[in-house]
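So the structure is just underneath, and the comments pick up after that.
Numbering (my numbering), first residue to last: 829 to 1041.
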């Protein structure tokens, strides 16, 4: 699986705090050149999340982009998203696979070496590691893992043919060093909203990372 270097996370809570609806935020990210969006709405009702995800999938298709839905394999399948991203407390990847089907993408978050190594044996298409740096946007309860861990995890993941996504405290200035350490992609929430112009911020990330696909 080949990932674009930026995973732009459309987080409902972070977006609302900055005055953006999830659909408008997705539109801004796509306008800035993001080619992989992750829809994240921890407190949303199932119906709202399905309607919103379906609308974002349609927008993404028009832009030649893809969508991953956080946590909800059922919504990912029904909305036509590319796949689902699972956390340690969500469905197992095997259960998620039974819902989304054999051709959908499944990603899995990890925060410790044991979680990471266990993930490599799961039916997933990419593995995420984090937090790389300290972050207040996505509370994990885990300490930052740092760039040395990114480098080691990258070698292990590539040995299994899995792309590595890094998340947690990644800013525009830090993103290139995370990619240089071995991550295939960086997933970003807070810094895309930090300057009040997410379209422009995404464009800056895409330029800094040097490729869009």
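The C-beta atom is built at its ideal place from N, Cα and C for all residues, glycine as well. Being a predicted model, the structure only gives us computed values, none of them experimental.
Cutoff 8 angstroms: residue i Cβ touching any chain C Cβ
i           : result
residue 961 : Here there is only one protein chain, and chain C is not present.
Minimum C-alpha distance to residue i - residue among the options
i            : options              : result
residue 1033 : 900, 859, 970        : 859
residue 980  : 932, 871, 940, 1001  : 940
residue 909  : 862, 1028, 888       : 888
residue 991  : 876, 920, 944, 963   : 944
residue 993  : 1036, 1010, 987, 961 : 1010
residue 844  : 885, 869, 915        : 869
residue 833  : 963, 1003, 906       : 1003
residue 951  : 1029, 975, 883, 911  : 911
residue 830  : 864, 998, 1006, 921  : 864
residue 846  : 999, 961, 871, 1021  : 1021
residue 882  : 854, 1038, 989, 1001 : 854
residue 975  : 871, 986, 957        : 957
residue 873  : 840, 1025, 920       : 840
residue 963  : 1019, 977, 987, 913  : 1019
residue 1007 : 1038, 876, 905       : 1038
residue 861  : 920, 884, 933, 893   : 893
For residue i, the first and last residue of its enclosing beta strand (DSSP E)
i            : result
residue 1010 : Segment: none, residue 1010 is in no beta strand (DSSP E) and carries neither H nor E.
residue 938  : 933-938
residue 834  : 834-839
residue 868  : 864-868
residue 957  : 954-957
residue 911  : 911-914
residue 995  : 992-995
8 angstroms Cβ cutoff met for residue i and residue j
i            : j            : result
residue 953  : residue 935  : yes
residue 835  : residue 1014 : yes
residue 837  : residue 1017 : yes
residue 995  : residue 972  : no
residue 878  : residue 907  : yes
residue 856  : residue 1027 : yes
residue 955  : residue 947  : yes
residue 961  : residue 997  : yes
residue 937  : residue 915  : yes
residue 1000 : residue 949  : no
residue 1023 : residue 1031 : no
First and last residue of the uninterrupted alpha helix (DSSP H) at residue i
i            : result
residue 855  : 850-859
residue 986  : 974-987
residue 906  : 901-907
residue 929  : Run containing residue 929: none; DSSP gives neither H nor E here.
residue 884  : 874-890
residue 893  : Note, residue 893: premise wrong, no alpha helix (DSSP H); not H, not E.
residue 947  : 941-947
residue 1037 : 1026-1037
Requested in this report: Specify whether the segment 920-937 and the segment 897-907 touch according to this definition: at least 3 beta carbon pairs, one from each stretch, less than 8 angstroms apart.
Outcome: yes
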